[in-house]
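Enquirer: Order-wise, the sequence lines are chains A and B. Just so we're aligned, residue 1 is where the first sequence starts under the numbering used here, counting upward by one. Just so we're aligned, residue 226 is where the second sequence starts under the numbering used here, counting upward by one. C-beta atoms are modelled at their ideal positions from N, C-alpha and C, and glycine is treated no differently.
Number of protein chains: 2
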Amino acid sequence: MKVLIVEDEPKLAAFVKKGLEEQSWEVDVAFDGQMGSSLALSNSYDVIVLDVNLPKINGFELANLLRRENLRTPILMLTALGTLNDKISGFDAGADDYLVKPFEFQELIIRLRALQKRNSESGPTSNVLKIADLELDLNERIARRGGNRIELTAKEFGLLEYFIRNKGRVVSRVDIAEKVWDIHFDTGTNTIDVYVNFLRKKIDKEFEHKLIHTVVGMGYIMKEF
Amino acid sequence: MKVLIVEDEPKLAAFVKKGLEEQSWEVDVAFDGQMGSSLALSNSYDVIVLDVNLPKINGFELANLLRRENLRTPILMLTALGTLNDKISGFDAGADDYLVKPFEFQELIIRLRALQKRNSESGPTSNVLKIADLELDLNERIARRGGNRIELTAKEFGLLEYFIRNKGRVVSRVDIAEKVWDIHFDTGTNTIDVYVNFLRKKIDKEFEHKLIHTVVGMGYIMKEF
DNA sequence: TTTAAAAATAAGAATTTTTTCAGAAAAATT
DNA sequence: AATTTTTCTGAAAAAATTCTTATTTTTAAA
């Protein structure tokens with residue numbers, strides 16, 4: 001579990017850092033918004049703790065900025081004010097939770113755990129895409145199903161990634177051609193079908209619950225049942 | 226936005242219900258865990274508000290039960306106690322947020338909005354056409370009626386989509402031929418009639434209230450009664 | 001009530017779509 | 001440069017859908 005704390009008050013920062021490290025979490029501290037922003041964007045944290053009152057860029061602005069940069073990491077805002085307006089601004093800015101200072105350390109931990117847990121369940125922060133018992137590890141570039149490691153070629157991987165990211169939705173062959181092969185015209189060949197077949201052999205064949213389903217006349221869909 | 230409140234104290238339940246309805250949210254109230262569980266599992270709510278102290282099944286148990294049933298709807302726990310232990314149990318049981326009684330109504334709204342927003346971000350946005358208890362899911366490319374999943378071929382799907390989009394209006398065979406088949410002349414066959422028949426077998430046959438009605442000499446109309 | 005037109009249904013032929021296979025071409029690795 | 005791996009192609013087999021035709025049933029008007 002990796003946490004970024006953006007907090008200008010050194011004492012508080014140090015206190016929180018120490019406390020979290022005792023939980024054996026990895027902790028980075030940024031002392032202003034600038035530093036916070038660059039750390040947040042260049043590392044992959046599980047959670048970001050963000051003080052509202054910061055020099056230069058304030059917490060709301062920073063949260064906003066990070067969301068505009070498409071960062072999905074959950075953000076917990078620390079606010080000394082605790083008025084409803086602040087809470088609303090916080091959520092609007094893209095925060096996922098907030099905590100009013102002064103707070104009990106235990107409560108911080110609980111809320112961080114909750115954020116992290118919620119995010120890891122179906123989060124784009126995580127580098128593992130999931131559907132049912134199938135995992136696609138974007139770091140290792142490997143698939144796993146039911147404990148088996150499944151190696152995929154580049155094209156197979158790309159196709160599976162596209163399927164999982166669009167699970168529950170029928171994707172047409174044209175969609176696939178454009179998004180996976182980057183081909184924007186009809187080749188007249190059945191390459192896609194052949195690759196679907198390759199994938200099925202690897203991830204579905206020996207399992208009871210198939211994940212890739214054909215929808216005749218429309219395309220394919222990845223779904224649990 | 227559809228909310229389920231599980232709360233045994235009638236005054237509080239009524240107060241919250243009224244407040245949320247003023248935000249034009251749909252609100253159901255369950256007065257005990259049993260009722261809460263059956264409502265939660267048979268409807269699809271955006272958020273569930275769950276009191277910890279309930280008769281029969283308590284809030285923690287209920288949250289646990291719902292998660293074991295694979296329900297992913299975000300849960301906000303209401304606790305009168307406010308001790309850290311309760312909060313921890315709440316999160317462990319599968320709650321996504323909690324609020325200590327007594328609370329400001331505005332704060333409840335903020336937290337519910339945040340939960341709902343977060344939930345709707347992940348996964349493809351639902352894309353569903355409806356008439357009466359019939360749903361046509363444009364993502365999954367499947368129809369549902371009264372809990373049954375109904376698979377359709379491409380042509381059947383296209384025809385049903387056209388019917389639903391034009392519900393309450395008589396559509397002629399010429400309209401259908403042009404819009405669904407893209408045929409602009411008379412083929413002399415009764416293909417459309419045959420397909421209407423296919424559709425009826427799948428979506429109307431076993432249900433009391435028929436949705437596809439023949440208007441002799443004119444065409445067909447899809448309507449509730 | 002009869003009758004002609006309109007619509008619904010059943011069966012199966014025709015067509016389209018999808019899967020699978022074997023192998024060629026291209027790319028990457030040794 | 002040779003070998004292995006990956007990507008792609010075309011063709012045949014299998015599966016599913018689409019469409020036609022013929023027949024039965026229903027509707028509405030005479």
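Work out the CA separation of Leu377(B) and Arg370(B) for me, nearest whole Å.
Expert: Their Cα atoms are separated by approximately 13 angstroms.
Enquirer: Assuming Leu258(A) and Ile131(A) are in contact, meaning their beta carbons sit under 8 angstroms apart, how far apart are those beta carbons, in whole angstroms?
Expert: Outside the modelled stretch of chain A, which goes from 1 to 225, sits residue 258(A), for which no answer is possible.
Enquirer: Whose C-beta lies closer than 7 angstroms to the C-beta of Ala93(A) among residues of the same chain, with five residues either side of it excluded?
Expert: Phe60, Ala63, Asn64, listed in sequence order.
Enquirer: What residues from the region 13–32 of chain A come within 9 angstroms of chain B, judged by C-beta to C-beta, listed N to C?
Expert: Correct list: empty, as no residue qualifies.
Enquirer: What are the residues of the region 31–60 of chain A that lie near chain B, defined by any Cβ-Cβ distance shorter than 9 angstroms?
Expert: So the list is empty, because no residue satisfies the distance condition.
Enquirer: Does DSSP classify Asn373(B) as helix, strand or coil?
Expert: Of the three classes helix, strand and coil, the one that applies to Asn373(B) here is strand, per DSSP.
Enquirer: Look up Thr304(B) in the DSSP assignment and give the residues it is bridged to.
Expert: Looking at the DSSP assignment, Thr304(B) forms a beta bridge with Val325(B).
Enquirer: Below 7 angstroms CB to CB, which residues in the same chain sit around Leu361(B) once its five sequence neighbours on both sides are set aside?
Expert: Within the same chain, Leu361(B) has close Cβ partners Val353, Leu354, Ala368, Leu385, Glu386, Ile389.
Enquirer: What distance in whole Å lies between the Cβ atoms of Leu266(B) and Leu296(B), which are believed to be in contact at a cut-off of 8 angstroms?
Expert: Contact flag correct, Cβ pair sits at about 7 angstroms.
Enquirer: Verify whether the separation of the beta carbon atoms of Gln50(A) and Val16(A) is less than 8 angstroms.
Expert: The amino acid occupying residue 50(A) in the given sequence is Leu; Gln does not appear at that position. No; because the gap between Cβ atoms is not below 8 angstroms, this pair is not in contact.
Enquirer: Kindly say whether Thr125(A), judged by its beta-carbon, lies nearer than 8 angstroms to any beta-carbon of chain B.
Expert: Residue placement at Thr125(A) cannot be trusted, given a pLDDT of 39 that sits under 50; the coordinates are not used to answer.
Enquirer: Around the Cβ of Met222(A), are there at least 16 other Cβ atoms within 10 angstroms (buried) or fewer (exposed)?
Expert: Met222(A) is buried by the Cβ-count criterion.
Enquirer: Counting along the chain, where does the alpha helix (DSSP H) carrying Met35(A) start and finish?
Expert: Taken as a continuous stretch (DSSP letters only), the alpha helix (DSSP H) holding Met35(A) covers 33–42.
Enquirer: Reducing DSSP to helix, strand and coil, say where Ala95(A) ends up.
Expert: Ala95(A) falls in the coil class under three-state DSSP.
Enquirer: By Cβ distance, which residues of its chain are closer than 7 angstroms to Ile397(B), with the 5 residues on each side in sequence left out?
Expert: With the sequence shown as reference, residue 397(B) is identified as Ser, and Ile is not the correct amino acid for it. Once the five neighbours on either side are set aside, the close Cβ partners of Ser397(B) are Met443, Gly444.
Enquirer: According to DSSP, which residues form a beta bridge with His213(A)?
Expert: Partner(s): Ile221(A).
Enquirer: Cβ atoms of Asp133(A) and Leu115(A): under 8 angstroms apart, would you say?
Expert: No, they are not a contact pair.
Enquirer: Which parts of the region 234–258 of chain B are runs of the beta strand (DSSP E), unbroken and 3 residues or longer, counting only runs that do not cross its ends?
Expert: Whole beta strand (DSSP E) segments, 3+ residues: 251–255.
Enquirer: Which residue marks the beginning of the alpha helix (DSSP H) containing Glu161(A), and which one marks its end?
Expert: Note, Glu161(A): alpha helix (DSSP H), 154–165.
Enquirer: Tell me which same chain residues have a C-beta within less than 6 angstroms of the C-beta of Val254(B), skipping the five on either side of it?
Expert: Closer than 6 angstroms at the Cβ level, and outside the excluded window around Val254(B), lie Ile230, Ala238, Lys242.
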